[in-house]
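Below is one structure, written out as structure tokens, with a few remarks after it.
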Amino acid sequence: MENKSTKSHNIYVSEEEQTLKWEEIQVALEKNFGSEIYSSWLKNIILLKEYNDHLILGVPTRFFRDWIVSRYLDKILEQVKLFKLSLTRIEFKITEDVKTSIPNNIKIDEIGKVSEIKDSILNYNRLNPNLDFNNFVQGRSNEVALSYSKKICEQVSRYNPLYVYGGVGLGKTHLLNAIGLELQPDNNVMFISAERFMYHFIKSIKKNDMVNFKDFFRKSSVFIIDDIQFIRGKESLQEEFFHTFNSLMDKGSQVIISADRPPMKLDRVQERIKSRLSGGLIVDIESPDLELKNKIIKKRLMDIQNQFKENINISEDVLNFIAGESKTNIRELIGILNRIIAFSRVHKKILTVSDCKTILKDVFNQTKVITVDKIQNIVSNFYSISLSEMLSQRRSRPLARPRQIAMFLAKKLTTRSLPEIGRRFANRDHTTVIHAVKTINRLSEKDQELKKNISEIKSILMEE
Ligand code: ADP
Ligand code: MG
């Protein structure tokens, strides 16, 4: 990938330490995140310094850093680890000066803040060209969902809405994306995650531009919305979604929805929405069986061999081992496979099953790393407040309580010191953190609702 800023900054990495080729990682990032997120955000990251266990990456502005850290950091780390196993963390430095690396749809004012993201709705409606029907391997667990997805492409609006549900990493997004790609040439396709739908919704409210927002989504003839469970507990978002949904259905647009559970199990979602979501066809994707896992591995190996024009020697034993090892989902399966392939390419050796066991040891023994950022994100999400509200100086109860809960969890679940935690909460003093911990400890003893919420937040933190 041609990227000037990357090249010129690589000189900061001293020769003996440098084992990573940032260009290669960028290719992997683009593949994984899709070209739209990549070109808006990730392309602008540069490698400043490489250590054995961590990397220092450069980003142009504070806004960039916060955006990337809050949304993509975990997945970026996961990706770079495929290239260098010993990495455990990533730090960011703000370079400010790298004007060239700022995406051209973003205007930067004098203080370096992003003042405007033009055409952002359009920017978020890109389909990933790699996730098509050709690349979707059929198996027993997904054949019903796959076959109805294809039927919809042959006859739009025959099953309306189509609701696809299943656990994490089983192929929902891939399938929805494939439908979008297939229908795109002849239809006005909108493909958006529920989370981004909310992002645009809030932005339009703030800009007083709801007319455009409504118009934009309602004019699509195929409306695909991913991960609808995200609307749980968010009343005003549900309201807006409900109206969008109805007006689309009224004019005969095809609606396709995915979720991690069936419609009736969407708790904290209005009954009328659940019932409308159930009004068409509901299909589920189950966990893959061994046969499907094997097929996916073989296909992926072929793809990589074709892409890199090199032979990858992985024995049948190893393949079976990988398929048997990944118990839960296809994303994990692919992650494991990538790791093993990266290792065998770097070390140029044919791997045995026992090599693989060693390589994968830390994948399976990985304890979840819970960071202050993650806590802030999940808590603010849980209480439907924004991250900036969580960090703001405002003291109203609906903001102060979640803020205190986040501080409390940061103290309990991370190894950060009180002053460090304070700093992460917009430079508050450590005494504020102590106060928060005490308050939440005290309140949760008698407030059952609070206690329940905290334990729910903890379990979300452990899951993610
Ligand atoms: P979900 O949206 O259900 O969490 P994704 O669609 O993101 O899952 O799938 C996770 C990963 O697994 C993606 O890289 C996707 O391409 C891949 N994947 C899932 N199912 C299949 C399949 N049947 N064939 C090939 N790749 C698949
Ligand atoms: Mg998904």
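Under numbering that gives the first Met the number 0, think of the first position of the sequence shown as 0, with each following residue one higher.
Even glycine gets a Cβ: it sits at the ideal position worked out from N, Cα and C.
Around the beta carbon of Gln183, a 10 Å sphere encloses fewer than 16 other beta carbons of the protein chains shown; the residue is thus reported as exposed. In this structure, DSSP gives Glu309 a state outside helix and strand, which the three-state scheme calls coil. The beta carbon of Asp266 sits closer than 6 Å to none of the beta carbons in its chain outside the five residues before and after it. For Leu390, the CB contacts under 7 Å within the same chain, skipping 5 residues up- and downstream, are Phe424, Ala425 in chain order.
CA-to-CA, the gap between Ile333 and Ser395 works out to about 45 Å. Distances between the C-beta of Arg338 and the heavy atoms of the ligand ADP are all 6 Å or more. Collapsing the DSSP output to three states places Asp316 in a helix. The Cβ-Cβ distance between Gln137 and Leu130 does not fall below 7 Å. At least one heavy atom of the ligand ADP falls within 6 Å of the beta-carbon of Lys171. Remark: fewer than three beta-carbon pairs, one from each stretch, lie closer than 8 Å, so the segment 309-324 and the segment 168-176 are not flagged as touching. Look at Ile36: its beta carbon is at least 6 Å from all of the heavy atoms in the ligand ADP. Residue pairing by DSSP places Ser192 opposite Asp225 in a beta bridge.
When secondary structure is reduced to three states using DSSP, Ala258 falls in the strand class. Shown here, Lys48 sits in a strand according to DSSP, grouped into three states. The beta-bridge partner set that DSSP reports for Tyr162 consists of Ile256, Ile281. Arg88 has His53 as its beta-bridge partners, per DSSP. Within the segment 378-411, the runs of alpha helix (DSSP H) that reach at least 4 residues and sit entirely inside it are, in chain order, 386-390. For Ile93, the pairing in a beta bridge is given by DSSP as Val58. Counting other Cβ atoms within 10 Å of its Cβ, Pro418 stays below 16 and is therefore classed as exposed. Between Ile67 and Gly57, the CB-CB gap reaches or exceeds 7 Å.
Of the residues assessed, Ile204 falls on the exposed side of the cut-off, its CB having fewer than 16 other CB atoms within 10 angstroms. Each of Ile303, Ile369, Gln403 was checked against the Cα of Ser379, and the nearest Cα belongs to Gln403. When secondary structure is reduced to three states using DSSP, Ala27 falls in the helix class.
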